[in-house]
């Protein structure tokens, strides 16, 4: 039985010279970008601005590297196919190319994760002497690192989140790849959310999904943007008029096109009373547009907390009950509030407590 030569696309390193140069370029840039962020921190400049300065070049180099690798892998594949056209050789070549893609994706994601981690570490405030009570009171919970896995566009066999999870388990096999998973949950539609302990682990997961050829794609979970309610808006105003008025009253220093890109009208809530010509408009805004002001939960006014509220008891007004035509002479958080009792009963009626 004649022996068959196995084609090794990695045997001649000259054939992947361009890819290696692209990776070296990206690694060099990541190192220099990290130094730039460190320098920005040492001079007390904003590390967020420093990272944004580096981001366009990083993305450009990454795209160039990916395109070079794809082109080089394709050329090597065609060259190997011309020299060895048997089925067994083609299978071996495909496996080798898959390994190249997996290693490349993992390496690129690792570089990006290291840059993210360095920026996150250097963006912290300058160390200072603080009281223990101040530290415990101001301590914020560690943000979760969530990865969303969904079917690629055009894939028809993965209609539900359960099927996506099954494909993830059978074709990607997180156990074999030793994923460090904190938790998994389903989302509406065709998405599965995987919680990772760190961004580095999340990048490794995404690299495995991208190179797994299972018809899946993965990316970081995009957080919801803050919502704002604007009360008493004329019902005859269209969305364009509302956005222009909001910008004129609050943010004249921002270009209208930029304001419009960062502000979206979600819905309009009609007033409970009949004959009312105003609506309450709910907007979703970008963090840089949103300027949250905490208010007192007793009187609803801004600038102080419940403990510092000095408004007399007989002057308290609950605006929600007032709009509904109910008794409004009580605090917002009062257990006698009609709106509060109504919301509580709705939650109880829709929740299974096992009784």
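In the working numbering, the protein residues as written are 5 to 359. Just so you know, even glycine gets a beta-carbon here, dropped at the ideal spot from N, CA and C. Bear in mind that the values here come from a model prediction, so they are computed numbers and not experimental data.
{"Check": "Identity of the residues DSSP links to residue 362 by a beta bridge", "Outcome": "The structure shown does not extend to residue 362, since the chain is modelled only from 5 to 359, so the question has no answer here."}
{"Check": "Contacting residues, own chain, Cβ-Cβ under 6 Å from residue 294 (five flanking each side not counted)", "Outcome": "230"}
{"Check": "Minimum C-alpha distance to residue 160 - residue among 346, 220, 210 and 185", "Outcome": "220"}
{"Check": "Spatial distance of residue 193 from residue 164 (CA atoms)", "Outcome": "6 Å"}
{"Check": "Cβ-Cβ separation, residue 239 to residue 283 (assumed contact under 8 Å), whole Å", "Outcome": "5 Å"}
{"Check": "Opposing strand residues paired with residue 221 [DSSP bridges]", "Outcome": "154"}
{"Check": "Assigned secondary structure, residue 258 (DSSP; H/G/I helix, E/B strand, else coil)", "Outcome": "coil"}
{"Check": "Residue 205, enclosing alpha helix (DSSP H) - first and last residue", "Outcome": "203 to 215"}
{"Check": "Residue range of the unbroken beta strand (DSSP E) whose run includes residue 324", "Outcome": "Premise fails: residue 324 lies in the alpha helix (DSSP H), 323 to 327, not in any beta strand (DSSP E)."}
{"Check": "Three-state secondary structure (DSSP) of residue 38", "Outcome": "helix"}
{"Check": "Nearest candidate by alpha-carbon position, reference residue 201, set 236, 65 and 183", "Outcome": "183"}
{"Check": "Through-space distance from residue 75 to residue 63, alpha-carbon basis", "Outcome": "18 Å"}
{"Check": "Coil, strand or helix - residue 160 by DSSP", "Outcome": "coil"}
{"Check": "As assigned by DSSP and simplified to three states, the class of residue 318", "Outcome": "helix"}
{"Check": "Selection from 288, 185 and 207 that minimises the alpha carbon distance to residue 234", "Outcome": "288"}
{"Check": "Length of the line joining the Cα atoms of residue 12 and residue 81", "Outcome": "Unreliable positioning characterises residue 12 in this predicted model, as indicated by a pLDDT of 49, which lies under 50. A coordinate reading is not provided."}
{"Check": "Separation of residue 196 from residue 223, as counted between CA atoms", "Outcome": "11 Å"}
{"Check": "Residue 261 versus residue 269 - alpha carbon distance", "Outcome": "15 Å"}
{"Check": "Cβ neighbours of residue 5 in the same chain (closer than 7 Å, five flanking residues each side left out)", "Outcome": "Because residue 5 sits at a pLDDT of 45, beneath the cut-off of 50, its placement in the model cannot be relied upon, and the following sentence gives the value as read from the coordinates. Contacts found: none."}
{"Check": "Inter-stretch contact at 8 Å, needing at least 3 Cβ pairs: the stretch 334 to 351 / the stretch 300 to 311", "Outcome": "yes"}
{"Check": "Three-pair Cβ contact test at 8 Å for the stretch 247 to 260 versus the stretch 308 to 325", "Outcome": "no"}
{"Check": "Contact check, residue 218 vs residue 185, beta carbons under 7 Å", "Outcome": "no"}
{"Check": "Host alpha helix (DSSP H) of residue 293 (start-end)", "Outcome": "Here residue 293 belongs to no alpha helix (DSSP H), and DSSP marks it neither H nor E."}
{"Check": "Integer-rounded CB distance, given that residue 188 should sit under 8 Å from residue 179", "Outcome": "Rounded, the Cβ-Cβ distance is 13 Å, inconsistent with contact."}
{"Check": "Cut-off 6 Å between Cβ atoms - residues of its own chain near residue 69, not counting five sequence neighbours on either side", "Outcome": "26 and 30"}
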